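K.L.:
According to UniProt numbering, the residues represented by the sequence shown are 1 to 397, in order.
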Amino acid sequence: MSAANRGVVYKGPGQVAVESIPYPELAIGNRKCDHGVILKVVTTNICGSDQHMVRGRTTAPSGLVLGHEITGLVVECGRDVEFIQPGDLVSVPFNIACGRCRNCKEGNTGICLNVNPARPGAAYGYVDMGGWVGGQTEYVMVPYADFNLLKFPDADQAMEKIRDLTLLSDIFPTGFHGCVTAGVGPGSTVYIAGAGPVGLAAAVSAQLLGAACVIVGDMIEERLAQARSFGCETIDLTQDGDMADKIEVILGEREVDAFVDCVGFEAHACGCNHGKEAPAAVLNSAMEMTRAGGQIGIPGLYVTEDPGAADEAAKQGALSMRFGLGWAKSHSFHTGQCPVMKYHRPLMQAILFGKVKIADAVNVQMITLDQAPQGYADFDGGAAKKFVIDPHGSVAA
Numbered sequence: 001m002s003a004a005n006r007g008v009v010y011k012g013p014g015q016v017a018v019e020s021i022p023y024p025e026l027a028i029g030n031r032k033c034d035h036g037v038i039l040k041v042v043t044t045n046i047c048g049s050d051q052h053m054v055r056g057r058t059t060a061p062s063g064l065v066l067g068h069e070i071t072g073l074v075v076e077c078g079r080d081v082e083f084i085q086p087g088d089l090v091s092v093p094f095n096i097a098c099g100r101c102r103n104c105k106e107g108n109t110g111i112c113l114n115v116n117p118a119r120p121g122a123a124y125g126y127v128d129m130g131g132w133v134g135g136q137t138e139y140v141m142v143p144y145a146d147f148n149l150l151k152f153p154d155a156d157q158a159m160e161k162i163r164d165l166t167l168l169s170d171i172f173p174t175g176f177h178g179c180v181t182a183g184v185g186p187g188s189t190v191y192i193a194g195a196g197p198v199g200l201a202a203a204v205s206a207q208l209l210g211a212a213c214v215i216v217g218d219m220i221e222e223r224l225a226q227a228r229s230f231g232c233e234t235i236d237l238t239q240d241g242d243m244a245d246k247i248e249v250i251l252g253e254r255e256v257d258a259f260v261d262c263v264g265f266e267a268h269a270c271g272c273n274h275g276k277e278a279p280a281a282v283l284n285s286a287m288e289m290t291r292a293g294g295q296i297g298i299p300g301l302y303v304t305e306d307p308g309a310a311d312e313a314a315k316q317g318a319l320s321m322r323f324g325l326g327w328a329k330s331h332s333f334h335t336g337q338c339p340v341m342k343y344h345r346p347l348m349q350a351i352l353f354g355k356v357k358i359a360d361a362v363n364v365q366m367i368t369l370d371q372a373p374q375g376y377a378d379f380d381g382g383a384a385k386k387f388v389i390d391p392h393g394s395v396a397a
């Protein structure tokens with residue numbers, strides 16, 4: 001099968017464009033990919049991680065086809081694909097995983113050893129993650145299909161909840177993983193740093209896990225209002241004042257049980273210095289705000305190279321952390337990509353059985369492929385929305 005294809009392409013700092021790109025082939029380089037499938041993309045989401053590249057804060061090359069949050073309809077299968085068929089509607093984990101290596105067999109699919117020659121772990125359309133073509137496109141190739149893909153049990157039912165199910169490829173599992181690794185459970189008090197889409201997904205995940213109180217901190221009032229819309233407490237980080245005092249007003253205690261960093265390396269200072277970048281600010285706050293013996297989940301992205309950093313150390317990913325405080329309080333820290341396959345099936349069930357309304361929580365807004373550049377600009381401007389691209393007009397308004 002051959003057809004036209006278009007995708008969202010990174011053109012340089014602050015610039016993306018929708019361009020014609022090659023139709024995908026069942027191939028990896030010069031060899032056939034008999035374990036892969038080609039998808040007609042039904043939905044593909046703009047992620048905060050994409051924004052790091054578009055803002056010029058990574059070494060992403062111009063010409064990179066963006067997009068790692070993909071849901072699609074199978075249109076072609078390789079010879080060795082056994083359990084996925086044309087016509088299946090599937091969610092694609094953003095981690096590309098072989099299913100054969102030691103890490104994959106242990107469930108650590110975010111650090112597969114066979115899909116990226118440069119380092120463990122790979123993703124679609126992302127810098128340093130193996131060179132795989134991204135999925136903010138009309139069609140995309142997915143390798144190791146039997147292992148990677150989550151097939152929705154009923155395609156018609158899935159399309160009715162596609163605004164929710166599209167979030168299974170990344171941000172819902174990522175937010176949930178942040179909470180799980182922070183030790184969130186029934187009765188927990190939780191602080192979520194950042195009210196972007198991943199932060200909001202983490203907040204609703206904390207509620208799903210039984211947290212007693214979820215506090216979300218951010219600098220943009222529209223995002224804080226979105227967090228309050230589903231029952232979170234909020235803290236405006238542009239305001240001066242001691243964070244422990246602010247926590248005490250809400251909880252009656254000065255520390256939380258669990259802390260989830262959904263900001264990452266482009267963090268800023270708080271209060272009167274909120275316009276100043278401080279890449280270790282959230283990590284240091286985590287150690288200050290989390291009770292002794294508590295856990296800190298860090299789904300927020302930290303990079304090994306940041307060409308836009310304010311100082312030379314941060315350009316190499318070296319941050320000024322008060323690690324002795326975390327050691328003294330016996331904190332545990334959990335970093336790295338979310339292993340999506342660990343969570344996507346149970347979270348799908350939670351959606352299908354009406355236990356969570358993740359699309360409402362993160363404020364999904366559907367856009368066309370041609371509207372993607374404006375979606376990037378609006379997201380970068382702080383819009384309290386999760387932009388989901390519908391390349392073919394498949395989703396009813």
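Note that beta-carbon positions come from the ideal geometry of N, C-alpha and C, so glycine has one too. Given the structure is predicted, the values throughout are model-derived calculations rather than measurements.
So, for Ile298: in the same chain, excluding its five sequence neighbours on each side, which residues have a beta-carbon less than 7 Å away from its beta-carbon?
P.N.:
Annotation for Ile298: Asp261, Phe333, His334 and Thr335 place their beta carbon closer than 7 Å to its own, counting only its chain and skipping 5 residues before and after.
K.L.:
So Thr189 is in the alpha helix (DSSP H); what residue range does that whole segment cover?
P.N.:
Not the alpha helix (DSSP H): Thr189 falls in the beta strand (DSSP E), residues Thr189 to Ala193.
K.L.:
Assign Asp164 to one of three DSSP states: helix, strand, or coil.
P.N.:
When secondary structure is reduced to three states using DSSP, Asp164 falls in the helix class.
K.L.:
Using a Cβ-Cβ cut-off of 7 Å (strictly less than) and excluding sequence neighbours within five positions of Ala292, which residues of its own chain qualify?
P.N.:
Here the set comprises Lys329 and Ser330.
K.L.:
In its own chain, which residues sit with a C-beta less than 7 Å from the C-beta of Pro86, not counting the 5 before and 5 after it?
P.N.:
Only Val74, Val75, Glu76 and Cys77 meet the Cβ criterion.
K.L.:
Just the C-alpha distance for Gly375 and Asn30, rounded to the nearest angstrom, thanks.
P.N.:
35 Å
K.L.:
Apart from the five residues just before and just after Gly14, which ones in its own chain have a Cβ nearer than 6 Å to its Cβ?
P.N.:
The answer is none, since no qualifying residue turns up.
K.L.:
Hey, out of Glu82, Val9 and Asn116, whose CA is closest to Gly63's CA?
P.N.:
Val9
K.L.:
Looking only at DSSP bridge pairs, what is Arg6 linked to?
P.N.:
Ser20
K.L.:
Just to confirm, is the Cβ distance from Val214 to Ile235 under 8 Å?
P.N.:
no
K.L.:
Mapping the DSSP letters down to three states, classify Met159 as helix, strand or coil.
P.N.:
Residue state, collapsed to three classes: helix.
K.L.:
Can you tell me which residues form a DSSP beta bridge with Tyr144?
P.N.:
DSSP, once it has assigned bridges, lists no residue as partnering Tyr144.
K.L.:
Can you tell me the Cα-Cα spacing of Gln239 and Gly271, whole angstroms?
P.N.:
5 Å
K.L.:
According to the Cβ coordinates, are Ile389 and Thr44 closer than 8 Å?
P.N.:
yes
K.L.:
With C-beta atoms as the reference, is Leu150 less than 8 Å away from Ser91?
P.N.:
Yes; because the gap between Cβ atoms is below 8 Å, this pair is in contact.
K.L.:
In the DSSP assignment, find the unbroken alpha helix (DSSP H) run with His177 in it and report its ends.
P.N.:
Annotation for His177: the continuous alpha helix (DSSP H) segment containing it runs Ile171 to Thr181.
K.L.:
Can you tell me where the beta strand (DSSP E) with Ile45 in it begins and where it stops?
P.N.:
The sequence shown places Asn at residue 45, rather than the Ile named in the question. Taken as a continuous stretch (DSSP letters only), the beta strand (DSSP E) holding Asn45 covers Val37 to Asn45.
K.L.:
Report yes if the C-beta distance between Gly48 and Gly196 is below 8 Å; otherwise report no.
P.N.:
Cβ atoms of Gly48 and Gly196: closer than 8 Å.
K.L.:
I'd like to confirm something about Asn273: is its beta-carbon nearer than 7 Å to some heavy atom of the ligand PLP, or not?
P.N.:
This structure does not include the ligand PLP; it has no bound ligands of any sort.
K.L.:
State the CB to CB distance for the pair Phe259 and Gly231, rounded to an integer number of angstroms; the pair is presumed to be in contact (CB under 8 Å).
P.N.:
No, Phe259 and Gly231 are not in contact; Cβ-Cβ is about 19 Å, not under 8 Å.
K.L.:
Pick helix, strand or coil for Ile84, following the three-state DSSP scheme.
P.N.:
coil
K.L.:
Which value, in whole angstroms, describes the spacing of the CA atoms of Val340 and Asp245?
P.N.:
Looking at the backbone, the Cα of Val340 and that of Asp245 are separated by about 36 Å.
K.L.:
Counting pairs of Cβ atoms below 8 Å between the region 157-164 and the region 353-360, do you hit three or more?
P.N.:
yes
K.L.:
Examine chain E for any beta-carbon lying closer than 8 Å to the beta-carbon of Ile367, and answer yes or no.
P.N.:
Note that chain E does not occur in the displayed structure, where there is just one protein chain.
K.L.:
So for Lys386, helix, strand or coil by DSSP?
P.N.:
strand
K.L.:
In chain order, what are the residue ranges of uninterrupted beta strand (DSSP E) at least 3 long that sit wholly in the UniProt domain "Alcohol dehydrogenase-like C-terminal" (197-267)?
P.N.:
213-218, 233-236 and 256-261
K.L.:
Between the C-alpha atoms of Val16 and Lys32, what's the straight-line distance to the nearest angstrom?
P.N.:
30 Å
K.L.:
Where Gly121 and Gly110 are concerned, what is the direct C-alpha to C-alpha distance, given to the nearest angstrom?
P.N.:
5 Å
K.L.:
Return the bridge partner residues of Tyr139 from the DSSP annotation.
P.N.:
Lys40
K.L.:
So, His68 versus Tyr124, is the Cβ gap smaller than 8 Å?
P.N.:
yes
K.L.:
DSSP state of Met53, grouped into three classes?
P.N.:
Looking at Met53 - three-state DSSP - the assignment turns out to be helix.
K.L.:
Closest by CA to Gly326, which one among Phe176, Thr290 and Val216?
P.N.:
When C-alpha distances from Gly326 are compared across Phe176, Thr290 and Val216, the shortest belongs to Thr290.
K.L.:
Leaving out five residues on either side along the sequence, give the residues of the same chain with a beta carbon under 6 Å from the beta carbon of Ala280.
P.N.:
Leu319, Ser320 and Met321
K.L.:
Here's the rule I'm using: 16 or more other beta-carbon atoms within 10 Å means buried, otherwise exposed. How should Gly175 be labelled?
P.N.:
buried
K.L.:
Let me confirm a value: Lys105 is counted as buried when at least 16 other C-beta atoms fall within 10 Å, else exposed. Which label applies?
P.N.:
exposed
K.L.:
Can you tell me which of the three DSSP states Leu352 falls into?
P.N.:
helix
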